[in-house]
Structures are given as structure tokens and as C-alpha cells.
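According to the working numbering, the stretch in the sequence shown is residues 1083 to 1418, in order.
Beta carbons are placed, not taken as given, at the ideal position from N, Cα and C, and that holds for glycine.
Since this is a predicted model, take the numbers as computed values, not measurements.
Notes for the one structure printed next.
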Amino acid sequence: MKLLTSLSAITLGMLIMTGCSTSSDEASDVESATATDTQFITIGTGGVTGTYYPTGGAICRMVKAAETPIRCSVESTGGSVYNVNTIKAGELDFGISQSDTAYQAYKGEGKFADAPVEGLRSVMAIYPELLSLVVRKDSGITTLQDVKGKKINVDVPGSGNRMTAEAVFEASGISVDDLAFANELKASEGPTMLKDKKVDGYFYMVGHPTANIKDAANSVDINLVPIDGEGVDKLVAENPYYAKGTILAEYYEGVEQDVPSIGVKAVLVTRDDMADDAVAAITQAVLDNFDEFKDAHPAYKNITKESLLEGLAVPQHPAAIAVFEKAGIVSANAQS
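Structural data, given as C-alpha cells:
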């Protein structure tokens, strides 16, 4: 398509240079052919202070650098569940989702039990996310059990953050009803809510380090609460999309010890009927500019081209599979 566009432009230029005239209809045909070559795609992300938003931006920059006919834009959204449902509705082309959310959507489990998203497809698994419970240091919350009787932001209904927080609560024998107040705002509001003492803590499933928690630490003394215990161990053992991880103390001001938690992968997803050239363009752009991509955010520090195929929660789009295979990158975790 790019070659056709170039030829169209050259032909038009030659006609002008040689003094040949073109009718308005002929000129319009050339412009239409050029416009038709361009495809516009949108990637749904999350809040602007999280990691999804800059990740979408980094992908779009890679696509732009590749000089393809694809024009990529980023939309700040409510996160994983919103992105999956909006992709299903055809209102987003791509989106970033927690692997657990994507898995449940595809399988028709949990909150998707009545509305499975069987057409959901993975493109690549980008980086690991770990669940964070960010609390005011003076809240008295040092363990999960300490949230009882406290004001905790559990995020908006249906969000990936909310789903994971509720799963951890249930596994740990905690109910949302045990809280003094269950706030339901986006995690992006967390730093402000802590500062204004609207909540004692908030949950955020995110790649670390993140500007959101840094903002919180810069405005109030914070702690990160360990996400651990027998119940959490059982939760991880029973669900293949969860894995244990550690949030490093060095990431955030005032956090004195590394914090155990559980996590998922941030996965770029799309629909099964998404155009092959659009999927291929995104996949190829990231692989071709991988070192630059890794430098785009600290959360990508330890990722590899091979890890992009690890933790895929749903079957991978055939066009993405083809690009990885052509590059000689294959993982037993990749699904077809």
C-alpha cells in the first residue's frame, strides 16, 4: 500500500511537471487512493498517571517510527475491563488488559460469566504488573487483615484493579463489608485521596515504578502493604494467570522494605477480526525498535523479546504469531 501511495504521488508530480492537465475527478481519485491507504487505530489504556497510558504511547511511537500506513492514537480509559468490553463492541481496536481480566473475559468467568468475549485475541504480553495496596503510614495498616474497619479505595466496579483486589480479599477471608468505607474511584485519584484523608489506602495493579505511587509518596508518608499469606498462596496456585513478585522499596520514598505481592502480565489485546496488517504493523514495530521501547518506561527494564510471549492469557492473533515466528521468537506459552 505504501508503494502504491508513492507511485500515485510520483504520477501526479510528473503530470504537473510535464504540463499535462488532470481533471478534478482524476485528482480526486488520486487523493482518495492515498487516503484509503491510511488506517487509523486506537489503543485503549488506563489513567494518565499509570503505566498503561505511557505504554500505549510508546507503542504508537514505535509504529510512527516504522513509517507504515498505520496511524496510531492512544485513549485514556477506565482500564482492563473497559478496554476488553469496548474492543468487543468494536469501539476500540486494541487495548491493554491485565492477563487475569483477559482470561476471564475469554473463558466467560467471574464478571464475564454472562457475557464472554470469545473473539478476544492477544497480541503480546508486555510487562509484569504487581498489586499494590498503598496506605498512609499513620493509618495503622501493616497487613491485609488490618484493612477491616478502614476506608479503602477498591476502584470502580468492574475494573481490573477491583477484580484482583476482591479476589485477594476473598482468598484472605476479608469482605468489602468489613471495611468502614469502600470507595469506588479510579486508582488515578489515589494520591489526592490519601493526601486529603478521604481514604486510608487504595489498591492499584500496575507496573513498577509508577508515577501514581511516586506522587502519593511525595505528598504524604506512605507504606505498601504485603499481599501475602496462606490464602494468597492458594489463590496463586489455583489460577495460572497469577504469579508472585516483589515491589522494590527503592522505587518509592518512605518505603523501607521490599514488599511481596502477586501479579499478572499487562497484555495488548484485540479482536479476532482485526485486520492482519494492523496487528502485524504493531508487532513488527515493537520488535524492530525493541531497545528504544525498553527505554520508554522503567517497568520494561527486565522484559525480553521472548517474554513478550510469556503469560498470554488468551489465544494469540495469527498475524502476531506470524511476525514472531518470522523473527525466530517462539514460546511454548504462545497459543494459536
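- Taken atom to atom, the span from the alpha-carbon of Ser1343 to that of Gly1327 is near 5 Å.
- Using a 10 angstroms sphere on the CB of Thr1365, the tally of other CB atoms reaches 16 or more, which defines it as buried.
- By the Cβ-count criterion, Glu1271 is buried, with 16 or more other Cβ atoms from all chains shown falling within 10 Å of its own Cβ.
- Here DSSP, grouped into helix, strand and coil, assigns Val1361 to helix.
- For Glu1211, the enclosing beta strand (DSSP E) stretches over residues Leu1202 to Arg1218.
- Counting along the chain, Met1245 sits inside the alpha helix (DSSP H) bounded by residues Gly1242 to Ala1253.
- With a minimum length of 4 residues, the unbroken runs of alpha helix (DSSP H) contained wholly in the stretch 1342 to 1417 fall at 1358 to 1370, 1372 to 1376 and 1400 to 1408.
- Per DSSP, Lys1146 lies in no beta strand (DSSP E) segment; the continuous alpha helix (DSSP H) that holds it begins and ends at Tyr1134 to Ala1147.
- Collapsing the DSSP output to three states places Lys1296 in a helix.
- In this structure, DSSP gives Ile1123 an extended state, which the three-state scheme calls strand.
- Considering only Ser1214, Val1337, Lys1170 and Asn1321, the residue with the shortest C-alpha distance to Arg1203 is Lys1170.
- Here Ser1179 carries a strand assignment [DSSP, helix/strand/coil].
- For Ala1319, there is no enclosing beta strand (DSSP E); the residue is part of the alpha helix (DSSP H) that begins and ends at Glu1312 to Glu1320.
- Cβ atoms of Asn1300 and Glu1335 come within 8 Å of each other, at about 7 Å.
- In this structure, Leu1394 and Val1349 form a Cβ contact; the two beta carbons are roughly 7 Å apart against a cut-off of 8 Å.
- Assigned with DSSP and collapsed to three states, Leu1226 falls in helix.
- Comparing alpha carbon positions, the residue from Glu1320, Pro1291 and Val1314 closest to Ile1329 is Pro1291.
- Taking the CA atoms as reference points, His1399 sits about 24 Å from Asp1373.
- In this structure, Lys1316 sits near Ala1253, with a CB-CB distance shorter than 8 Å.
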